[in-house]
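Chemist:
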Amino acid sequence: MADHPLDPALIRRAAAMLATSERVAVLTGAGVSAESGVPTFRASDGLWEGHRIEDVATPQGYAKNPLLVWQFYNARRANVATVTPNPAHFALAVLEAHFGDRFTVITQNVDGLHQQAGAKNVLEVHGSLRRTRCPNCGDVADRGLETLSDKPECLKCGRAVRPDIVWFGETLPPDIWQKAQEAAEECDTLIVVGTSAVVYPAAGLIGVVKRRSQWGAKLAGDVIEVNLEPTDASAHADVGLYAPAGVVLPLVVEKFKELVADAK
Ligand code: BV8
Ligand code: ZN
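For reference, each letter of the sequence shown is one residue, going 126 to 389 in our numbering.
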C-alpha cells in the first residue's frame, strides 16, 4: 500500500533527510511540469500528441520525415511558451538557494521550467526545446521559444537544423551526463520527482545512489520519491510521497526550513 500521500510524519522524514544532507541531487521527469500544463510522455500511452515515438523522437524518424518532426517539436515549443513554472519548480529553487552549489537538478525535461523558476545548477540530460543543433556545422543555437518554420535553417551555415534534443537510441551529451553521474555518486539525498523511471540511462542514476556503497564510494544515499503513484523506482525509495509534486514539495521545503531554523 503506498504511503499515505500527505502523512505529516512522511513529510517530516523527507525534510529531516534533507536537513541532515551536505549534498542534494534531484532527478525530475515530465511529472514535475504536469501542473504547469505540459503534457507528460506516459499519460499519452507512448503516443505523444497523437504521434508514435519512433516517428517523432528518433533519428530514424527525423531522417524519414523532418517536416513531421519539426511540426511535433514546434507544437511542444508553442505549448511551453504559454506555461509557467509551478510550485514544485519553485520549491526546488528554494532548496537550491539554501544548498548553493551542493544542489544539482538533473532533469529529463526539455521545457526549461526549472531555470525559469530560478534554478541555476540544472543538467538537461535530454536537451532543450529552446535549442537547435546543426548537423552540418555543429552550431548549437538558443532560439528561445519563438515560432520556427517547419524547416528551420542554421543561423551560421544556412543548412537544415534539428532540435537539440536527445532522441531514443542517441547518447546523452557526455559532459552533462558525466556531471549527472557525479551528482548521483556524491549526493547524500536524491529526490526523484515526476518520473516513471523507465527511460535509461537517466533512470539508472537512482540505483547509483543506492548501490554505490558496494564499490566503496560513499555510503548509499537516501532516496525520496515524489509521484502520483509508485513507479519502477519505488523499490529504491526510502520515503515515498504519492501526491502532486506541486503540493508535496512546498510542504517538504516548509518543514525543511523549520528544521533548519530550529537547528541554528
Ligand atoms: C540510449 C527527449 C543508447 C525527447 C527523451 C531499444 C532501442 C533503442 C533504445 C532502447 C531500446 N530499449 C531501451 C533503450 C534505451 C532507451 C530507453 O530507455 N527506452 C525506454 C523507453 C525503454 N534510452 C535511450 O534511447 C537513450 N539513449 O540509450 O542510447 C546508446 C548508448 C551508447 C551509445 C550509443 C547509444 C536516450 C533516452 C532519451 C530519449 N529522449 N526525451 C523529447 O522529450 O522530445 S526521453 C522522454 O521520455 C522524455 O524526455 C521524458 O522525460 C521521458 C519519459 O520519462 P518521464 O519524464 O518519466 O515522463 P513520463 O510521462 O514517462 O512519466 C511522468 C511521471 O510523472 C509518471 O510517473 C506520473 O505518475 C508522474 N506525474 C504526473 N503528474 C504528476 C506526476 N508526479 C508528480 N506530480 C504530478 N503532478
Ligand atoms: Zn550550420
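Here a beta-carbon is modelled for each residue, glycine too, at the ideal position from N, C-alpha and C.
(1) Residues around the ligand ZN, please: the condition is that the C-beta lies closer than 6 Å to some non-hydrogen atom of it.
(2) Hey, would you say the C-beta of PHE215 is under 6 Å away from at least one heavy atom of the ligand BV8?
(3) Pop quiz: ASN199 and VAL163 are said to be a contact at Cβ under 8 Å. What is the actual Cβ separation, rounded to whole angstroms?
(4) Between which residues of its own chain and LYS281 is the CB-CB distance below 7 Å, once the five residues before and five after are set aside?
(5) Return the CA-CA distance between PHE71 and LYS245, expressed in angstroms with no decimal places.
(6) Counting only runs that start and end within the segment 274 to 355, where is the beta strand (DSSP E) found for 3 or more residues in a row?
(7) What did DSSP end up calling ILE231 once you bin it into helix, strand or coil?
(8) Do VAL157 and ALA322 have their C-beta atoms within less than 7 Å of each other?
(9) How about ALA370: is its Cβ closer than 6 Å to a heavy atom in the ligand BV8?
(10) Could you say if the segment 249 to 259 and the segment 226 to 233 meet the contact criterion of at least three C-beta pairs nearer than 8 Å?
(11) Between LEU315 and the ligand BV8, is the CB less than 6 Å from at least one heavy atom?
(12) Are ALA358 and ILE331 closer than 7 Å when you measure CB to CB?
(13) Only counting the same chain, and skipping five residues up and downstream in sequence, which positions put a Cβ closer than 8 Å to that of GLY294?
(14) Would you check whether the ligand BV8 has a heavy atom nearer than 6 Å to the C-beta of ILE290?
(15) Rounded to whole angstroms, what's the CA-CA distance from ALA308 to SER146? Just pull it up for me.
(16) ALA285 to PHE381, Cα distance in whole Å?
(17) Please state if the CB of THR314 and the CB of LEU143 are separated by a distance shorter than 7 Å.
Modeler: Let's see:
(1) CYS259, ASN261, CYS262, ASP264, CYS279, LYS281, CYS282 and ARG284
(2) Here residue 215 refers to the residue found at position 90 when the sequence shown is read from its first residue. PHE215: no, Cβ never under 6 Å from the ligand BV8.
(3) Here residue 199 refers to the residue found at position 74 of the sequence shown. Here residue 163 refers to the residue found at position 38 of the sequence shown. Not confirmed; about 15 Å, so no contact.
(4) Here the question's residue 281 lines up with position 156 in the sequence shown. Taken in chain order, the residues that qualify are CYS259, CYS262 and ASP264.
(5) Beyond the ends of the chain as shown, which are 126 and 389, falls residue 71; an answer cannot be given.
(6) 287 to 290, 314 to 318 and 347 to 352
(7) Locating residue 231 in the sequence shown gives position 106, where the first residue counts as 1. In this structure, ILE231 counts as strand in the three-state DSSP scheme.
(8) Taking the sequence shown and counting its residues from 1, one reaches residue 157 at position 32. Taking the sequence shown and counting its residues from 1, one reaches residue 322 at position 197. Not in contact: VAL157 and ALA322 (Cβ atoms no closer than 7 Å).
(9) Mapped onto the sequence shown, residue 370 falls at position 245. Yes; taking the cut-off as 6 Å, the Cβ of ALA370 has a heavy atom of the ligand BV8 nearer than that.
(10) yes
(11) Here residue 315 refers to the residue found at position 190 of the sequence shown. The answer is no for LEU315.
(12) Here residue 358 refers to the residue found at position 233 of the sequence shown. Here residue 331 refers to the residue found at position 206 of the sequence shown. Yes, the pair counts as a contact, with Cβ atoms nearer than the cut-off.
(13) Locating residue 294 in the sequence shown gives position 169, where the first residue counts as 1. Closer than 8 Å at Cβ, skipping near neighbours: THR183, PRO184 and GLN185.
(14) Here residue 290 corresponds to residue number 165 of the sequence shown, with the count starting at 1. ILE290 Cβ: within cutoff of the ligand BV8.
(15) What you label residue 308 is simply residue 183 of the sequence shown in a count that begins at 1. What you label residue 146 is simply residue 21 of the sequence shown in a count that begins at 1. Cα-Cα distance, rounded: 13 Å.
(16) As a working mapping, residue 285 is identified with position 160 in the sequence shown. As a working mapping, residue 381 is identified with position 256 in the sequence shown. Those two C-alpha atoms are separated by around 48 Å.
(17) As a working note, residue 143 is residue 18 in the sequence shown. As a working note, residue 314 is residue 189 in the sequence shown. Yes. Within cutoff.
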